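Chemist: Chains B and E are the protein sequences, given in the same order. Its first residue numbered 0, the first sequence is counted upward by one per residue in numbering that gives the first Met the number 0. Its first residue numbered 0, the second sequence is counted upward by one per residue in numbering that gives the first Met the number 0.
2 protein chains.
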Amino acid sequence: MATKTAAERRDEARRVFDAYFAECPSRKLLDTLSDKWVTLLLTALSQGPRRYSDLSRRVAGVSQKMLTQTLRGLERDGLVSRTLTPSVPVRVDYALTPLGESLMPLVAAIKSWAEAHMEDVEAARDRYDAANA
Amino acid sequence: MATKTAAERRDEARRVFDAYFAECPSRKLLDTLSDKWVTLLLTALSQGPRRYSDLSRRVAGVSQKMLTQTLRGLERDGLVSRTLTPSVPVRVDYALTPLGESLMPLVAAIKSWAEAHMEDVEAARDRYDAANA
DNA sequence: CAGTATCCAGGGTGATACTG
DNA sequence: CAGTATCACCCTGGATACTG
């Protein structure tokens, strides 16, 4: 079993790195925030509790699958609460938890930098593309 | 040509949404930051200029392809500068631009929130998983 | 109303090999 | 040293259909 030792060692190194990497709190946060629907839902919920169908309408373009999946993730992370009212038909309300609300200033900071500087980024892109035509 | 009108309308709606979505500055920023290697490289470069091979060593785990690809993207976005010294062998230095540096406080803010609250997120996850065993 | 289940295509990532 | 080129895999995420 001496064959493939080199490849195995590389794999091992990568697993170690990936494990370390996955442990990084900032990485986890970025992974969450960068999800296509997370910030959209968080922003929608920042204005108050919303029902499932409200969200699917407000966040136009989201599929049922992704809406449910994203909400489940946010609930699991303790950022959003899910309240079920067993009426007929059922009613489910989603709302930001305090933890979720504590995240909003950061979302605002991101928005702020983006609005202040993304134009520069665009311009840099155009310059780069023009230079490398 | 009346068939498939409903499906076509949905597609159209999605295209419109995607286009709008892609225009959002915050989204673009998040797309950039959430790239697996971007923050790692930015952080590495925040301590001063680095050569290509330095970066590949410092940011262990990155493949040549992704290192080059990510650096090209950052250069295109005007966040990083690339300086080629035509010696033998060639030498290439990468450094943060002022625009790139202006992004670092935001990266720090993300790190800060993550370090302050990701533990709560972890705890929430454990609770959720335990409840839904 | 608020989901769940299944299928499937496309893009992003890494491994590998080669070059000025 | 600092890349470029090609290929193959996996996983995300949308479409669709069904349910308490």
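Just so it is clear, CB atoms sit at the ideal spot from N, CA and C, and this is done for glycine as well. These numbers were taken from a predicted model, which means no experiment stands behind them.
Please classify T69/E as buried or exposed, where buried requires at least 16 other C-beta atoms within 10 Å of its C-beta.
Modeler: Buried is the label assigned to T69/E, since at least 16 other Cβ atoms lie within 10 Å of its Cβ.
Chemist: Roughly how many whole angstroms lie between the Cα atoms of D30/B and V79/E?
Modeler: 23 angstroms
Chemist: Note down the Cα distance separating L28/B from P48/B, rounded to an integer number of angstroms.
Modeler: Put simply, the backbone Cα of L28/B is about 23 angstroms away from that of P48/B.
Chemist: Where do the N-terminal and C-terminal ends of the beta strand (DSSP E) with A132/B fall, by residue?
Modeler: Where A132/B is concerned, there is no enclosing beta strand (DSSP E), given that its DSSP letter is neither H nor E.
Chemist: Over what stretch of residues does the beta strand (DSSP E) that includes T84/E continue unbroken?
Modeler: V79 to T84
Chemist: Rounded C-beta distance between S45/B and L95/B? I'm assuming under 8 angstroms.
Modeler: 6 angstroms
Chemist: Residues of chain E with a CB under 9 angstroms from the CB of R21/B: which are they?
Modeler: According to the sequence as given, residue 21/B is Ala; it is not Arg. Those do not exist, as A21/B stays about 11 angstroms from chain E at its closest Cβ, beyond 9 angstroms.
Chemist: In whole angstroms, what is the alpha-carbon distance linking L73/B and P88/E?
Modeler: 51 angstroms
Chemist: From M103/B to V15/E, what does the alpha carbon distance come to, in whole angstroms?
Modeler: 27 angstroms
Chemist: Hey, does S45/E have any beta-carbon neighbour from chain B nearer than 9 angstroms?
Modeler: no
Chemist: Is the shortest distance between the beta-carbon of Y127/E and the beta-carbons of chain B less than 9 angstroms?
Modeler: yes
Chemist: Would you decide whether D76/B is buried or exposed? Buried here means 16 or more other CB atoms lie within 10 Å of its CB.
Modeler: D76/B is buried by the Cβ-count criterion.
Chemist: Identify whether L44/B lies in helix, strand or coil by the three-state DSSP scheme.
Modeler: helix
Chemist: Tell me the rounded alpha-carbon separation between E118/B and P24/B.
Modeler: 29 angstroms
Chemist: Determine, using beta carbons only, whether S33/E and S33/B come nearer to each other than 9 angstroms.
Modeler: yes
Chemist: When the cut-off is 9 angstroms and only beta carbons count, does M117/E lie next to chain B?
Modeler: Chain B, which has a Cβ nearer than 9 angstroms to the Cβ of M117/E, makes this yes.
Chemist: Can you name the residues that DSSP bridges to D92/E?
Modeler: R50/E and T82/E, per the DSSP bridge assignment.
Chemist: First and last residue of the alpha helix (DSSP H) that includes S33/E?
Modeler: Premise fails: S33/E is in no alpha helix (DSSP H) and is neither H nor E.
Chemist: Please tell me whether T42/E and V91/E are closer than 9 angstroms, where the distance is taken between their beta carbons.
Modeler: Not in contact: T42/E and V91/E (Cβ atoms no closer than 9 angstroms).
Chemist: Which of helix, strand or coil does DSSP assign to V106/B?
Modeler: helix
Chemist: Considering only the alpha carbon of each residue, which of D17/B, T38/B and A12/B lies closest to E100/B?
Modeler: T38/B
Chemist: Quick one: using the 10 Å Cβ neighbour count with 16 as the cut-off for buried, is L83/B buried or exposed?
Modeler: exposed
Chemist: Residues of chain E with a CB under 9 angstroms from the CB of S33/B: which are they?
Modeler: L29, D30, L32, S33 and D34
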